[in-house]
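A short write-up of the structure that comes next.
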Amino acid sequence: NEAITFARMAEVAAELRDEDGADVLVMGCAGMARYRDRLQRHVGLPVVEPSQAAVSMAIGRARLGWSA
Numbered sequence: 135n136e137a138i139t140f141a142r143m144a145e146v147a148a149e150l151r152d153e154d155g156a157d158v159l160v161m162g163c164a165g166m167a168r169y170r171d172r173l174q175r176h177v178g179l180p181v182v183e184p185s186q187a188a189v190s191m192a193i194g195r196a197r198l199g200w201s202a
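Heads up: the sequence shown at position 36 corresponds to 170 in this note's numbering, and the numbers run straight through without jumps.
Okay, structure coming up:
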């Protein structure tokens with residue numbers, strides 16, 4: 135159930151922010167990507183989804199002409 139999943143993610147994100155001082159959240163599964171924007175708006179912190187971040191970095195490197 136997506137509503138339950140998001141509610142739990144939002145709860146944990148708020149705990150990480152408020153109790154542990156997190157200033158960024160990193161998701162641990164590409165399957166969570168659909169929640170990234172909504173979670174970011176909800177908790178007011180940047181949320182990194184690793185698969186999206188990796189693709190963005192690869193595109194940036196390609197545009198700069200960098201190779202592996």
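We put the CB at the ideal spot given by N, CA and C, even for glycine.
Query                                                                                                                                                    : Result
Determine which residues share a DSSP beta bridge with Val-181 and list them.                                                                            : Leu-159
Please determine if the region 175-191 and the region 146-164 are in contact, where contact requires at least 3 C-beta pairs separated by less than 8 Å. : yes
Hey, out of Ala-188, Ala-144 and Asp-152, whose CA is closest to Asp-171's CA?                                                                           : Ala-144
Tell me whether Val-189 counts as near the ligand FAD, meaning its Cβ is closer than 8 Å to at least one heavy atom of that ligand.                      : Ligands displayed in this structure: none; no statement on the ligand FAD is therefore possible.
To the nearest angstrom, how far is the alpha carbon of Ala-137 from that of Gly-194?                                                                    : 34 Å
Going by the CB atoms, is the gap between Ala-156 and Gln-186 shorter than 9 Å?                                                                          : no
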